[in-house]
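The structure under discussion appears below in the form of structure tokens.
Protein chains: 4
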Amino acid sequence: MSKNFAVIGVGGYIAPRHLRAIRDTGNQLLVAVDPKDSVGILDQYSFDVKFFTEIERFDRHLEKLRRGPEEGRIHYVSICSPNYLHDSHCRLALRSGADVICEKPLVINPWNLDALEEIEAETKHRVNTILQLRVHPELIKLRESLKKENTVHDVELTYITSRGPWYQVSWKGDHEKSGGVATNIGIHFFDLLMWLFGSVVGLKVYHVDGQRMSGFIELEHARVRWFLSVDKNDLPSSVKVGGKTTYRSIIVSGKEIEFSEGFTDLHTRVYEETLAGRGFGLKDARPSITLTHAIRTAPISPMDELAHSLLKK
Amino acid sequence: MSKNFAVIGVGGYIAPRHLRAIRDTGNQLLVAVDPKDSVGILDQYSFDVKFFTEIERFDRHLEKLRRGPEEGRIHYVSICSPNYLHDSHCRLALRSGADVICEKPLVINPWNLDALEEIEAETKHRVNTILQLRVHPELIKLRESLKKENTVHDVELTYITSRGPWYQVSWKGDHEKSGGVATNIGIHFFDLLMWLFGSVVGLKVYHVDGQRMSGFIELEHARVRWFLSVDKNDLPSSVKVGGKTTYRSIIVSGKEIEFSEGFTDLHTRVYEETLAGRGFGLKDARPSITLTHAIRTAPISPMDELAHSLLKK
Amino acid sequence: MSKNFAVIGVGGYIAPRHLRAIRDTGNQLLVAVDPKDSVGILDQYSFDVKFFTEIERFDRHLEKLRRGPEEGRIHYVSICSPNYLHDSHCRLALRSGADVICEKPLVINPWNLDALEEIEAETKHRVNTILQLRVHPELIKLRESLKKENTVHDVELTYITSRGPWYQVSWKGDHEKSGGVATNIGIHFFDLLMWLFGSVVGLKVYHVDGQRMSGFIELEHARVRWFLSVDKNDLPSSVKVGGKTTYRSIIVSGKEIEFSEGFTDLHTRVYEETLAGRGFGLKDARPSITLTHAIRTAPISPMDELAHSLLKK
Amino acid sequence: MSKNFAVIGVGGYIAPRHLRAIRDTGNQLLVAVDPKDSVGILDQYSFDVKFFTEIERFDRHLEKLRRGPEEGRIHYVSICSPNYLHDSHCRLALRSGADVICEKPLVINPWNLDALEEIEAETKHRVNTILQLRVHPELIKLRESLKKENTVHDVELTYITSRGPWYQVSWKGDHEKSGGVATNIGIHFFDLLMWLFGSVVGLKVYHVDGQRMSGFIELEHARVRWFLSVDKNDLPSSVKVGGKTTYRSIIVSGKEIEFSEGFTDLHTRVYEETLAGRGFGLKDARPSITLTHAIRTAPISPMDELAHSLLKK
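Structure follows, in structure tokens:
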């Protein structure tokens with residue numbers, strides 16, 4: 298039986314992937330909310346979506362549906378709002394009697410997870426998050442092959458994704474609202490690294506500014522130098538020449554992991570898993586949220602031989 | 298020499314066509330403003346766009362550029378804001394020393410044009426608008442062929458473009474802000490009809506509600522029955538079956554005008570014309586704005602034999 | 298033991314009476330929220346109020362306090378937001394483990410009360426509202442004296458309170474958000490009338506526009522002609538001459554009820570009653586909300602001899 | 298002949314003083330704008346004020362009045378918006394053909410004054426600001442007596458005005474929007490000091506944080522230690538004991554200047570002066586804006602014997 302969805306933040310950047318995932322998994326969107334009213338995108342999916350610009354009216358409508366006939370109830374709320382509102386919107390959804398599929402990062406601070414766990418218990422509903430690299434076919438293969446070994450790898454993670462000045466003006470540029478570069482841009486990769494190489498043994502942070510962060514993490518099975526940036530000037534010149542604006546590289550013991558393809562439908566894959574009861578829950582989200590929080594609050598270490606090569610320039 | 302552009306309303310629905318037109322005509326976007334900060338779309342065009350969320354800060358920045366070196370000045374401001382803000386944003390742009398390319402409808406009421414004319418004269422800068430059907434190749438051909446005749450045609454215009462409930466919640470559903478269905482959805486067609494068949498001799502309005510309008514217009518060379526709707530239930534059943542959500546038909550003396558192709562790059566074509574000094578100015582915009590205002594304020598006539606066939610159902 | 302309060306809508310018009318009532322009943326304000334940040338008024342009461350501009354962050358903070366030490370918990374949430382948000386804010390408050398003191402009208406539609414009743418039951422917390430005329434000393438006296446009789450009175454209620462054009466621009470002028478004149482301006486009086494004269498037997502509405510409403514209500518013990526207006530032109534000329542901008546009159550069987558004094562501290566009186574466990578709850582609020590809803594949706598009756606004298610002019 | 302006024306920011310904290318000054322100087326308010334719609338305060342002054350929530354619509358209305366009959370034109374625009382919007386709102390007002398009375402600080406950065414000077418010249422209209430200490434009777438007397446001397450005084454300026462946490466959440470707590478403590482809280486005093494003691498010879502800044510600033514200024518006729526704070530914990534204990542929340546002290550060569558009285562109507566006094574053609578213009582505003590900008594951008598000096606006594610604690 299198909300499920301009824303509501304979406305919070307339907308006018309934002311990442312919402313189209315959720316709209317597509319809802320449709321492509323055979324379900325229907327019934328309600329949506331966004332403070333801005335420029336949501337013509339909805340017409341590409343359905344002409345029957347109740348739309349609100351105020352979270353309070355959305356909340357009331359969900360409450361009304363919850364008390365109404367079975368077939369009109371919302372089963373899932375998809376959350377695509379700014380990071381700092383995720384946990385409040387998760388609570389709203391759980392209390393309306395729905396399960397949640399929430400964009401990453403699920404929350405900014407680890408203690409927000411404790412509150413959500415309690416409300417999960419109170420409401421008997423569940424929070425799921427989007428950790429889409431865990432469903433990427435190439436990365437699943439990599440994980441399988443790594444499992445067979447028992448080595449400690451040297452890993453270099455580089456992720457540079459250019460953003461114009463609007464980024465700093467928006468909530469994404471406000472550390473309190475986005476969690477900063479490591480949280481907003483990096484969390485997928487940190488989650489991936491722990492999923493591949495085990496839990497954190499230690500960490501160092503060498504550099505932090507509004508546009509980039511770099512550090513070192515020791516995991517059970519890897520020693521990782523990492524560098525994250527939203528500044529196009531950090532792109533390797535070979536990339537710039539080609540006119541590309543994003544550079545994504547994971548090198549494991551000297552070997553580049555190829556995973557630039559296969560990104561298209563990962564949200565839909567995560568939805569499929571979630572709908573099948575195999576979603577990524579609070580427990581899955583916790584390690585990367587704990588790690589990015591630790592990175593955000595770590596003292597700055599002096600440069601040493603463990604620093605990422607781009608930093609040394 | 299390429300031109301510097303600024304865009305007002307860069308986060309909205311129609312902005313991508315302007316961004317594309319700016320790029321495809323070989324010019325550059327330097328400044329943008331939108332009250333909402335979800336404008337990641339900018340990164341598809343340039344990483345060097347100053348972005349503001351407040352019109353006042355945008356205004357100040359333009360003022361600073363105006364007083365700065367020649368090469369940094371803004372030559373054109375493209376306006377994609379909600380209809381009711383167009384004339385205020387045109388004034389802002391003219392006073393900053395730029396020409397304007399403004400989305401349709403240029404303004405909601407004819408008297409707003411008078412004020413703009415005076416400010417054009419004061420500032421020696423020019424307001425252009427987007428009347429893209431006038432650059433559509435098939436419609437240009439049609440016009441040429443009509444010119445050679447001297448008949449009065451019977452014309453039926455039907456335009457049904459489905460919109461979900463968000464439409465009524467947004468500024469588009471607020472008559473004071475959008476001008477209502479005839480102005481917001483219909484203005485292109487009314488402009489087209491007058492461009493093809495001459496000026497208005499008389500009019501009747503048979504029906505008005507939040508989702509549809511229908512009436513009759515007598516032009517110099519045509520008697521036009523028209524029907525406009527944003528309600529999917531008005532779609533002819535043949536269209537619905539095919540899964541289409543828009544129906545656009547102009548029948549001239551029993552013959553359907555084919556113009557469903559060739560819509561893709563009309564904004565760019567209008568930009569080309571404008572940059573070449575052949576833009577559509579206040580004078581071009583006036584007839585359709587005067588007509589839609591007259592339609593909006595006309596009394597409702599009882600149904601008669603001049604009514605559109607869809608109304609009679 | 299003193300109680301901890303939070304206030305929703307602290308920047309609005311009616312908030313100062315709640316701030317004063319909290320202080321004058323010996324309690325403390327710990328948290329406040331308002332979408333606008335111009336809340337310097339807080340400094341007149343306390344320098345220790347956590348302040349938020351987003352309801353989501355306020356919600357999160359309350360959740361954190363709820364899970365924290367006993368002495369920091371919020372016992373009461375005072376709600377002074379626009380009418381149409383009251384019920385959503387009541388739910389938020391109940392779920393945060395607090396009781397509610399909500400401005401009138403508690404909700405706009407009677408069915409919103411059903412939902413609140415269920416959530417009261419689920420949370421074991423209570424919603425109280427402000428029905429301040431019920432604590433007005435002169436009106437209490439009047440009620441006592443009426444109780445001794447068993448007559449049916451002829452009553453004329455006239456309430457004209459001038460509002461400038463801002464009123465129509467604000468949410469108060471939007472029927473969907475305020476409930477319109479009868480709900481926003483009149484609810485106190487309708488509650489008072491039923492409190493004094495018993496429940497509704499029948500009603501007529503003669504006139505409705507954006508600025509005034511007038512009708513007739515038959516109660517168990519009264520036949521009431523009523524007239525409500527926010528247009529200064531409706532003021533009796535004797536009042537205008539004196540420079541007054543509000544006219545409030547209740548005439549019971551030809552005798553004017555004097556109650557223009559004693560309005561100052563009624564909010565504080567209601568707080569005292571509420572804190573003592575004698576607050577006005579959902580049951581108390583229901584009759585006037587049901588009645589104003591009925592008035593709002595009644596057909597317009599032709600004028601007859603039961604109409605208010607100001608209408609006949 | 299009385300003058301027509303418009304007010305920008307009518308819903309804010311300082312607006313009531315402007316509303317009162319407009320009325321008490323015998324003039325009338327015709328138009329007002331504020332993004333928030335909670336402006337019931339207008340009803341205390343007039344029931345005939347056109348009100349807008351969008352600056353664009355306000356701008357259009359002023360443009361319409363400018364082109365309408367003489368008696369409806371706006372002569373003065375009073376600006377009470379957040380500091381960072383002042384210069385944009387001044388430009389809007391000048392271009393609408395009105396003179397300006399703008400709250401302090403007129404602008405945040407000295408170069409904004411250059412742009413305003415040019416637009417004054419273009420429009421032949423004038424910007425005035427509120428420097429109300431210059432019309433304070435006691436301070437005028439002090440200035441007269443200082444003029445007769447030719448000494449260099451030792452001056453200690455202390456201004457502590459408690460603000461709750463809302464201050465940091467609001468635009469006032471955002472340096473880019475308010476200019477920070479020295480600009481937002483201190484500018485009156487810096488203007489006063491230069492007005493009394495001549496222009497700046499040198500300066501030092503010892504301490505800056507979100508709640509306080511302290512430094513030293515050498516003027517032609519004074520050596521000034523200054524300390525500004527919005528933290529109630531900085532209040533002298535004698536003041537705290539008395540329950541006061543503001544402490545204002547200027548000591549000139551060991552003698553306390555008494556000026557705590559006479560603050561009530563200074564806005565009205567400034568309006569009178571302005572209407573009589575003796576307003577404080579761009580030239581008057583420049584020294585304090587230049588000085589506070591210099592303070593804001595100065596390096597932090599190590600403590601020395603010139604530091605304010607409260608700093609040494």
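Residue numbers (my numbering), protein chains in the order written: chain E, 298 to 610; chain W, 298 to 610; chain R, 298 to 610; chain G, 298 to 610. Beta carbons: idealized from backbone N, C-alpha and C, even for Gly.
Worksheet item: Taking Cβ to Cβ, would you say I305 of chain G is nearer than 9 Å to F355 of chain G?
Response: Position 8 of the fourth sequence, counted from the first residue, corresponds to residue 305 of chain G. Position 58 of the fourth sequence, counted from the first residue, corresponds to residue 355 of chain G. The Cβ atoms of I305 of chain G and F355 of chain G sit closer than 9 Å to each other.
Item to complete: Would you list, in chain order, the members of the stretch 455-484 of chain R that have their beta-carbon closer than 7 Å to a beta-carbon of chain G?
Response: When C-beta distances to chain G are compared with 7 Å, the residues of the stretch 455-484 of chain R below that value are S459, R460, G461, P462, W463, V466, S467, W468, in chain order.
Worksheet item: Nearest-angstrom Cα distance between L603 of chain R and P379 of chain W?
Response: Position 306 of the third sequence, counted from the start, is the residue given in the question as residue 603 of chain R. Position 82 of the second sequence, counted from the start, is the residue given in the question as residue 379 of chain W. Spanning the two alpha carbons is a distance of roughly 48 Å.
Fill in: Same chain only: Cβ atoms within 7 Å of R320 of chain G, ignoring 5 sequence neighbours per side
Looking up residue 320 of chain G in the fourth sequence gives position 23. Excluding residues within five positions, the ones whose Cβ falls inside 7 Å are Y342.
Worksheet item: How about D581 of chain E and T542 of chain W: are their beta carbons less than 9 Å apart?
Response: For this step, residue 581 of chain E is matched to residue 284 along the first sequence. For this step, residue 542 of chain W is matched to residue 245 along the second sequence. Not in contact: D581 of chain E and T542 of chain W (Cβ atoms no closer than 9 Å).
Fill in: Start and end residues, alpha helix (DSSP H) containing A321 of chain W
By one-based count along the second sequence, residue 321 of chain W stands at place 24. For clarity, residue 321 of chain W is Asp in the given sequence; the question names Ala instead. Element bounds for D321 of chain W: 312-321.
Worksheet item: Is the beta carbon of L428 of chain E sitting closer than 9 Å to the one on F577 of chain E?
Response: Sequence index remark: in the first sequence, residue 428 of chain E carries index 131 (1-based). Sequence index remark: in the first sequence, residue 577 of chain E carries index 280 (1-based). Result yes, Cβ atoms of L428 of chain E and F577 of chain E sit closer than 9 Å.
Worksheet item: Within this structure, are the beta carbons of D345 of chain G and G461 of chain R separated by less than 9 Å?
Response: The residue labelled residue 345 of chain G in the question sits at position 48 within the fourth sequence. The residue labelled residue 461 of chain R in the question sits at position 164 within the third sequence. Note that the C-beta distance between D345 of chain G and G461 of chain R is below 9 Å.
Worksheet entry | G308 of chain W versus A318 of chain W - alpha carbon distance | For this step, residue 308 of chain W is matched to residue 11 along the second sequence. For this step, residue 318 of chain W is matched to residue 21 along the second sequence. Each residue's alpha carbon lies about 16 Å from the other.
Practice prompt. Please state if the CB of T480 of chain W and the CB of T589 of chain W are separated by a distance shorter than 9 Å.
Written response: Residue numbering aside, residue 589 of chain W sits at position 292 when the second sequence is read from its first letter. Residue numbering aside, residue 480 of chain W sits at position 183 when the second sequence is read from its first letter. Cβ distance < 9 Å, so T589 of chain W and T480 of chain W count as in contact.
Fill in: Counterpart residues of I398 of chain G in DSSP-defined beta bridges
Here the question's residue 398 of chain G lines up with position 101 in the fourth sequence. In the DSSP output, where bridge partners are listed per residue, I398 of chain G has G:S375, G:N425.
Worksheet item: Does the Cβ of S475 of chain W have 16 or more other Cβ atoms within 10 Å, making it buried, or fewer, making it exposed?
Response: As a first step, residue 475 of chain W must be located in the second sequence, where it is residue number 178. With 16 or more other Cβ atoms within 10 Å, it is buried.
Worksheet item: Rounded to a whole number of angstroms, what is the C-alpha to C-alpha distance between A329 of chain R and T350 of chain R?
Response: Residue numbering aside, residue 329 of chain R sits at position 32 when the third sequence is read from its first letter. Residue numbering aside, residue 350 of chain R sits at position 53 when the third sequence is read from its first letter. Spanning the alpha carbons of A329 of chain R and T350 of chain R requires a straight line of approximately 9 Å.
Practice prompt. Name, please, each residue of chain E whose Cβ falls closer than 7 Å to the Cβ of K333 of chain W.
Written response: For the purposes of this step, residue 333 of chain W is taken as the residue at position 36 of the second sequence. Near K333 of chain W (Cβ distances below 7 Å), the residues of chain E are K333.
Worksheet item: Would you say T571 of chain E reaches chain W, if we count a Cβ-Cβ gap shorter than 9 Å as a contact?
Response: In the first sequence, counting from the first residue as 1, residue 571 of chain E sits at position 274. Cβ-Cβ to chain W under 9 Å: no for T571 of chain E.
Discussion item. According to DSSP, is L454 of chain G part of a helix, a strand, or is it coil?
Written reply: On the fourth sequence, position 157 is the one that residue 454 of chain G refers to. Strand at L454 of chain G.
Worksheet entry | Where A312 of chain W falls, given that 16 or more other Cβ within 10 Å makes a residue buried | Residue 312 of chain W sits at position 15 when you count from the first residue of the second sequence. It is buried - the Cβ of A312 of chain W has at least 16 other Cβ atoms within 10 Å.
Discussion item. Against chain R, which members of the stretch 565-592 of chain E pass a CB distance test of less than 7 Å?
Written reply: Cβ proximity to chain R below 7 Å picks out nothing from the stretch 565-592 of chain E.
Worksheet item: N301 of chain W CB to nearest chain G CB: under 9 Å?
Response: Here residue 301 of chain W refers to the residue found at position 4 of the second sequence. Residue-level contact by beta carbon fails for N301 of chain W and chain G, as no gap is shorter than 9 Å.
Worksheet item: Nearest chain W C-beta to S343 of chain E closer than 9 Å, yes or no?
Response: Here residue 343 of chain E refers to the residue found at position 46 of the first sequence. At least one chain W Cβ lies under 9 Å of S343 of chain E.
Item to complete: Can you have a look at E353 of chain E and say buried or exposed, based on whether 16 or more other CB atoms are within 10 angstroms of its CB?
Response: Against the first sequence, residue 353 of chain E aligns to sequence position 56. Taking every protein chain shown into account, the CB of E353 of chain E has 16 or more other CB atoms within 10 angstroms, so this residue is buried.
Worksheet entry | T611 of chain G, buried or exposed, once every other Cβ within 10 Å from all chains shown has been counted against 16 | Any answer about residue 611 of chain G is impossible in this case: the structure gives chain G only from 298 up to 610.
Item to complete: Go to W242 of chain G, then tell me how far its alpha helix (DSSP H) extends in each direction, as first and last residue.
Response: Nothing about residue 242 of chain G can be read from this structure; chain G reaches only from 298 to 610.
Worksheet entry | Distance CB(D334 of chain W)-CB(V527 of chain E) smaller than 9 Å | Counting from 1 along the second sequence, the entry for residue 334 of chain W is found at position 37. Counting from 1 along the first sequence, the entry for residue 527 of chain E is found at position 230. Inclusion of D334 of chain W and V527 of chain E in the CB contact set at 9 Å is not warranted, their separation being larger than that value.
Discussion item. Distance cutoff 9 Å, beta carbons only. Does D340 of chain W sit that close to anything in chain E?
Written reply: What you label residue 340 of chain W is simply residue 43 of the second sequence in a count that begins at 1. By the rule that beta-carbons nearer than 9 Å mark a contact, D340 of chain W touches chain E.
Worksheet item: What residues from chain W crowd round R364 of chain G, counting only those whose CB sits closer than 7 Å?
Response: Counting from 1 along the fourth sequence, the entry for residue 364 of chain G is found at position 67. Within 7 Å Cβ-Cβ: A412.
Worksheet item: Roughly how far, in whole angstroms, is the beta-carbon of E515 of chain R from the beta-carbon of V502 of chain R, given that I think they are within contact range, below 8 Å?
Response: Taking the first residue of the third sequence as 1, we reach residue 515 of chain R at position 218. Taking the first residue of the third sequence as 1, we reach residue 502 of chain R at position 205. Not a contact, Cβ separation roughly 13 Å.
Discussion item. Please confirm whether D321 of chain E has its beta-carbon closer than 9 Å to some beta-carbon of chain R.
Written reply: Residue numbering aside, residue 321 of chain E sits at position 24 when the first sequence is read from its first letter. So, not an interface residue.
Item to complete: Label K347 of chain G either buried or exposed according to how many other C-beta atoms from any shown protein chain fall within 10 Å of its C-beta, with 16 as the threshold for buried.
Response: Locating residue 347 of chain G in the fourth sequence gives position 50, where the first residue counts as 1. With 16 or more neighbouring CB atoms inside 10 Å of its own CB, K347 of chain G falls in the buried class.
Worksheet item: Between the Cα of G559 of chain R and the Cα atoms of R:V432, R:F486, R:G365, which residue gives the shortest distance?
Response: Indexing the third sequence from 1 puts residue 559 of chain R at position 262. Ranking R:V432, R:F486, R:G365 by Cα distance to G559 of chain R puts R:V432 first.
Worksheet entry | Under 9 Å between C-beta atoms of R370 of chain G and N301 of chain G | Here residue 370 of chain G is taken as the residue at index 73 of the fourth sequence, counted from 1. Here residue 301 of chain G is taken as the residue at index 4 of the fourth sequence, counted from 1. Yes, they are a contact pair.
Item to complete: With E515 of chain W as the anchor, note down where its beta strand (DSSP E) starts and where it stops.
Response: As a position in the second sequence, residue 515 of chain W is number 218, starting the count at 1. Where E515 of chain W is concerned, the enclosing beta strand (DSSP E) starts and stops at 509-516.
Worksheet item: Where does I548 of chain R fall in DSSP's three states?
Response: Looking up residue 548 of chain R in the third sequence gives position 251. In the structure shown, I548 of chain R sits in a strand (DSSP, three-state: E or B).
Worksheet item: Is there a Cβ from chain R that is less than 9 Å from the Cβ of Y503 of chain G?
Response: In the fourth sequence, the residue the question calls residue 503 of chain G occupies position 206. So, not an interface residue.
Practice prompt. Compare the C-beta of T420 of chain W with all C-beta atoms of chain E and state if any pair is closer than 9 Å.
Written response: As a position in the second sequence, residue 420 of chain W is number 123, starting the count at 1. Not one chain E Cβ lies under 9 Å of T420 of chain W.
Item to complete: Assuming M491 of chain W contacts S550 of chain W (C-beta within less than 8 Å), just tell me the rounded distance between them.
Response: The residue given as residue 491 of chain W occupies position 194 in the second sequence. The residue given as residue 550 of chain W occupies position 253 in the second sequence. About 18 Å separates the beta carbons of M491 of chain W and S550 of chain W, which is beyond the 8 Å limit, so they are not a contact pair.
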